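See below for the structure under consideration.
Numbering (this note's numbering), first residue to last: 1219 to 1734.
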């Protein structure tokens, strides 16, 4: 295959007349740019050379051969990051049956029946339903009644279970049953989908299209925690031209030996890739989700009297974390329930591993303070609170004030980084920031607004630790048509964030998106 990889040399450009947005750098990962020696209220010229910001000032000289862009007073921020993405699934979602908002088994079945009637022949893959809010749970039998021998696979909106018909169960080599496939069994099954339904839109061109859509939101980097990635996946995509943004590639326990055999530590470039694609963390899923009532909690769920459960024993968690740490890998521990968060932090302290708590959806204040003391980052997806608000009031009514406790985390000194968990929520950092600031997306008042972030804090949590653009920054930049630090009520701020238009995005000094 002929490589379409971009040239190794980095681009240079001069941006004239940009307003530098004052972004407070994250003290735990400050890098250059925490201190600013140029004004943020006066449009400035910004010169990028060989992938780095090298000069900022008024009426800068343009070197020969350097292209020039006119910002016309637009607002300039460091490139945004999504710290938790399942990129393969996000790429496929556009081709799947949308089950978001279905209110019952019958509602979902009606959408499936219409898709089956539309044709063409082949598998129907759905995404987005949340059956925890339905009055009863779905069965294989009733899906069989409308699908015949067509394969039907309906993946829940949180990605933690799937409702399959009998044809799909056989094709995926799963035991027949009348209920859903969930948690560890589903995660182990997911990589086999390609054997049943084909590539389903995961070609390099499809990946590149997803990256372009992200760049149009001002995203310059993401952490890809797709389940089934192998060591050669990204080199093949890059060779076919799917190189645009910075990508940190995560491993799981079943693929970890392959990455370790290549001698990779977190931050190392992947073999066969350019400088944009690097090794990320080891992802460990320590408990389930709220939707499936499998998130591991200290107190029982209100409707079942059960606490959820850990996905692996405490000793197994520690062995994995210590093994990763010895090989220079950070760890990303999925922990949604407060018992899972507590156990993950205990394992971090014992093994001295570094990394993140992914989601940190329900927690106690003492755990927030422990995270700060250990230097563990909180990788949170604020848009999840919009989906889980009503479920929380049903299943965790006595602990809703401890859900998505962003204010605790920030005030306790934890490094908070934002993401989407796409496709669970859209790959849209502005939506994540809006949810963190306002904690509502409808006409209702914010849900536990005492746990909200300010708009300044939400933006800082979206720039991968970098502060206001200054000399020494990477040439990863986003130029905005509006001020990302709007005034007004939290509702007005959220509305402004969600309507943000990105005029241009640069990665390593190269234009990844332009709407000039």
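Don't be surprised by glycine CBs; every beta carbon is placed ideally from N, CA and C. Values in this document were obtained by computation on a predicted structure and should not be read as measured data.
Where the alpha helix (DSSP H) through residue 1431 begins and ends:
1422-1433
Which residues in the same chain have their Cβ closer than 6 Å to the Cβ of residue 1627, if we skip the five residues on either side of it in sequence?
Same-chain partners within the cutoff: 1586, 1596 and 1634.
Taking one C-beta from the segment 1316-1329 and one from the segment 1290-1303 each time, how about it: are there three or more such pairs within less than 8 Å?
no
Indicate the three-state DSSP secondary structure (helix, strand or coil) for residue 1231 in the structure shown.
strand
Nearest-angstrom Cα separation, counted from residue 1600 out to residue 1269
Taking the straight line joining both Cα atoms gives about 31 Å.
Taking just the CA atoms, how far does residue 1598 sit from residue 1233?
33 Å
Residue 1483 versus residue 1547 - alpha carbon distance
Those two C-alpha atoms are separated by around 5 Å.
If you compare alpha carbons, which of 1689, 1617 and 1637 is closest to residue 1682?
1637
Around the C-beta of residue 1561, are 16 or more other C-beta atoms found within 10 angstroms, so that it is buried, or is it exposed?
buried
Look at the Cβ atom of residue 1499, then the Cβ atom of residue 1573, and state whether they are nearer than 9 Å.
yes
For residue 1516 and residue 1559, what's the separation of their Cα atoms in angstroms?
Rounded to the nearest angstrom, the gap between the Cα atoms of residue 1516 and residue 1559 is 10 Å.
With 16 other Cβ atoms within 10 Å as the buried cut-off, status of residue 1719:
Counting every other CB atom within 10 Å of its CB across the protein chains shown gives residue 1719 a total below 16, marking it as exposed.
Residue 1466 versus residue 1460 - alpha carbon distance:
14 Å
List the whole-angstrom C-beta distance separating residue 1731 from residue 1511, where the pair is believed to meet the contact cut-off of C-beta under 8 Å.
Between residue 1731 and residue 1511 the beta-carbon gap is near 40 Å, outside 8 Å, which marks them as no contact.
Whole-Å CB distance - residue 1362 paired with residue 1384, under 8 Å assumed:
Right, the Cβ-Cβ distance comes to about 5 Å (below 8 Å), so this counts as a contact.
Determine the closest residue to residue 1310 out of 1339, 1259, 1386 and 1420, with distance taken between C-alpha atoms.
Ranking 1339, 1259, 1386 and 1420 by Cα distance to residue 1310 puts 1420 first.
Can you list, in chain order, the residues of its chain whose CB lies under 6 Å from that of residue 1350, leaving out five sequence neighbours each side?
Within its own chain, the residues whose Cβ lies closer than 6 Å to the Cβ of residue 1350, once the five positions on either side in sequence are excluded, are 1509 and 1609, listed in chain order.
For the beta strand (DSSP E) holding residue 1301, just list the boundary residues, first then last.
1298-1303
Would DSSP call residue 1404 helix, strand or coil?
helix
Cβ neighbour criterion (16 or more within 10 Å) applied to residue 1533:
exposed
DSSP has residue 1293 in a bridge; who is on the other side?
1237 and 1698
Within 8 Å: the Cβ of residue 1321 and any heavy atom of the ligand COA?
Summarising the ligand content, the structure contains no ligands, and the ligand COA is consequently not present.
Residues in the same chain with beta-carbon distance under 6 Å from residue 1501, minus the five sequence neighbours each way, listed in chain order, please.
1443, 1468, 1470 and 1550
If you pair each beta-carbon of the segment 1516-1529 with each one of the segment 1563-1579, do three or more pairs fall below 8 Å?
no
Please report how far the alpha carbon of residue 1253 lies from the alpha carbon of residue 1326, in whole angstroms.
With a pLDDT of 43 at residue 1253, under the threshold of 50, the predicted position of this residue should be treated as unreliable, though the coordinate-derived value follows. The alpha-carbon atoms of residue 1253 and residue 1326 are separated by roughly 53 Å.
Only counting the same chain, and skipping five residues up and downstream in sequence, which positions put a Cβ closer than 7 Å to that of residue 1196?
The displayed coordinates of the chain run from 1219 to 1734. Any statement about residue 1196 would go beyond what the structure contains.
Inter-residue spacing [alpha-carbon to alpha-carbon] between residue 1386 and residue 1366
11 Å
What's the gap between the Cα of residue 1453 and the Cα of residue 1306?
Rounded to whole angstroms, the gap between the alpha carbons of residue 1453 and residue 1306 is 15 Å.
Please tell me whether residue 1644 and residue 1345 are closer than 9 Å, where the distance is taken between their beta carbons.
no
First and last residue of the uninterrupted beta strand (DSSP E) at residue 1263
DSSP places residue 1263 inside the beta strand (DSSP E), whose first and last residues are 1262-1267.
Based on Cα-Cα distance, which residue from 1357, 1229 and 1264 lies nearest to residue 1238?
1264
Distance CB(residue 1507)-CB(residue 1347) smaller than 9 Å
no
State the CB to CB distance for the pair residue 1612 and residue 1241, rounded to an integer number of angstroms; the pair is presumed to be in contact (CB under 8 Å).
In this structure, residue 1612 and residue 1241 do not form a Cβ contact; the two beta carbons are roughly 38 Å apart against a cut-off of 8 Å.
Excluding sequence positions up to five away, which residues of its chain have a Cβ less than 6 Å from the Cβ of residue 1248?
Low local confidence applies: a pLDDT of 39 at residue 1248 is under 50, so the model's placement there is unreliable, and no value is given.
Determine contact between the segment 1470-1479 and the segment 1329-1345, defined as no fewer than three beta-carbon pairs at a distance below 8 Å.
Because the criterion of three Cβ pairs below 8 Å is not met, the segment 1470-1479 and the segment 1329-1345 do not touch.
Alpha carbon to alpha carbon, what distance is there between residue 1721 and residue 1734?
6 Å
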